[in-house]
Amino acid sequence: MKLLRYGPAGHELPGLLDAQGNLRSLSGSIPDVDAAHLSPRSLARLAAIDPATLPAVSGKPRLGVPFAGTRKFIAIGLNYADHAAESNMPIPAEPVVFTKAVSCLQGPNDDVMLPKDSKKTDWEVELGVVIGTTARYVEERDALEHVAGYVVVNDLSEREYQIERGGTWDKGKGCDTFGPVGPWLVTPDEAGDVQNLGMWLEVNDTRMQDGNTRTMIFGVATLISYVSRFMTLEPGDIITTGTPPGVGMGRKPEPVYLKPGDRMRLGIEKLGEQAQTVYAWRR
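Taking my numbering, the leading residue of the sequence shown gets 11, the next gets one more, and so forth.
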């Protein structure tokens, strides 16, 4: 099942994508795709609905974040060995955990704004994991039972803020518009083996990243279990699980960073695609 939210920002409506790629309205079934409707019972009830009985949505409406109610946006750094190498950083002994501000969340195709005085804004295609039931001190063998579904995330990063300005990585990760998520939330039955999904990102039609989730250092179940030791994961929370090589910071012979007018396209096998245009900071 592919759940989504569509419509103007702040006024999104619940929907799903049927097997033929048609957008269907869920407004008669649930008020929103939110934390209250991400549990296994709620998802099973939605999955039992014949999509053909749902009203079709005409046109091509804007897509929002495919679920509402996120309270924590947790990110994992250096989780692909080849990305750690291009970043000139050692492979971590334990997952590197940081946060992205929830205020950076936006729809998958919404434009991306460079922060004021930004010098080194970068791209990162990532697999996002959406929590469906509360997870606290979860054993690895049980971790995937807490997953509502999976999403594409562009973990945009201002490298100067992140690396050169002291302190934690967070200040370069949570800038406004730095969290495109979607286009849809794909439930585990459709996502299949999430440790073997191809992923890619292009800038101005040039392929920059081309990887696979099988090269993760710490897999999804390990990450859920690990993070749940340090904070309670709640329905609607996101863990974005790291990026493969090909980020702008690692380009040779010189790094390449985003500038106004650049166009990004990215996607993950079975989870859909995003597209964003970059623009300069404005109030």
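Note that the Cβ used here is the ideal one computed from N, Cα and C, for glycine as well.
When you compare only the Cα positions, how much space is there between residue 84 and residue 234? If you take the alpha carbons of residue 84 and residue 234, they lie about 10 Å apart.
Helix, strand or coil: how does DSSP classify residue 55 here? Residue 55 falls in the helix class under three-state DSSP.
Cβ atoms of residue 267 and residue 132: under 8 Å apart, would you say? By the CB criterion at 8 Å, residue 132 and residue 267 fall inside the cutoff.
Residue nearest to residue 203 in terms of C-alpha spacing, selected from 159, 105, 72 and 47: Ranking the options by Cα distance to residue 203, first place goes to 159.
Give me the Cα-Cα distance between residue 80 and residue 114, rounded to the nearest whole angstrom. About 11 Å.
For residue 150, I'd like the list of residues in its chain whose CB is within less than 7 Å of its CB, leaving aside the five on either flank, ordered along the chain. Closer than 7 Å at Cβ, skipping near neighbours: 231, 232 and 235.
Own chain, CB closer than 7 Å to residue 67, minus 5 neighbours either side, in chain order: So the list reads 16, 25, 33, 34 and 35, once near-sequence residues are dropped.
Give me the Cβ distance between residue 135 and residue 219, rounded to the nearest whole Å; I'm assuming they're in contact under 8 Å. Contact holds; Cβ gap of about 5 Å.
For residue 120, count neighbouring C-beta atoms within 10 Å of its own C-beta (all shown protein chains included) and say buried if the count is 16 or more, exposed if not. Buried is the call here.
Within the same chain, show all residues whose beta-carbon is closer than 6 Å to that of residue 265, passing over the 5 residues directly before and after it, in chain order. Cβ-Cβ distances below 6 Å link residue 265 to 258 and 259 in the same chain, with the five nearest sequence neighbours on each side left out; the list follows chain order.
Tell me the rounded alpha-carbon separation between residue 145 and residue 48. Cα to Cα, residue 145 sits roughly 13 Å from residue 48.
Okay, do the stretch 242-250 and the stretch 271-288 touch, 3+ Cβ pairs below 8 Å being the bar? No: the two stretches stay apart, fewer than three of their Cβ pairs being nearer than 8 Å.
Quick one: give me the first and last residue of the alpha helix (DSSP H) that residue 166 is part of. DSSP places residue 166 in no alpha helix (DSSP H); its state is neither H nor E.
Quick one: what does DSSP say residue 259 is sitting in, helix, strand or coil? Of the three classes helix, strand and coil, the one that applies to residue 259 here is helix, per DSSP.
For residue 261, the nearest candidate out of 217, 239, 106 and 148 (CA to CA): Nearest C-alpha to residue 261: 217.
Within the continuous alpha helix (DSSP H) that includes residue 236, where are the two ends? Where residue 236 is concerned, the enclosing alpha helix (DSSP H) stretches over 230-237.
Hey, how far is the Cα of residue 123 from the Cα of residue 198? About 32 Å.
May I ask you to report which of helix, strand or coil DSSP gives residue 152? Correct three-state label for residue 152: helix.
Three-way DSSP call (helix, strand, coil) for residue 183 in this model: In the structure shown, residue 183 sits in coil (DSSP, three-state: anything other than H, G, I, E or B).
Let me check understanding here. Comparing Cα to Cα, which of 76, 42 and 99 lies closest to residue 87? When only C-alpha atoms are compared, the closest one is 99.
Please report how far the alpha carbon of residue 167 lies from the alpha carbon of residue 182, in whole angstroms. Rounded to the nearest angstrom, the two C-alpha atoms are 5 Å apart.
Does the ligand SAH have a heavy atom nearer than 7 Å to the CB of residue 45? You won't find the ligand SAH in this model; it holds no ligand whatsoever.
Would you mind sorting residue 193 into buried or exposed? The rule is 16 or more other CB atoms within 10 Å of its CB. A buried status is given to residue 193, since no fewer than 16 other beta-carbon atoms sit within 10 Å of its beta-carbon.
Give the single residue among 54, 73, 55 and 39 whose Cα lies nearest to the Cα of residue 64. Of the candidates 54, 73, 55 and 39, the one whose C-alpha sits nearest the C-alpha of residue 64 is 39.
With a 10 Å radius around its C-beta and 16 neighbouring C-beta atoms as the bar for buried, classify residue 284 as buried or exposed. Around the Cβ of residue 284, a 10 Å sphere holds 16 or more other Cβ atoms; the residue is buried.
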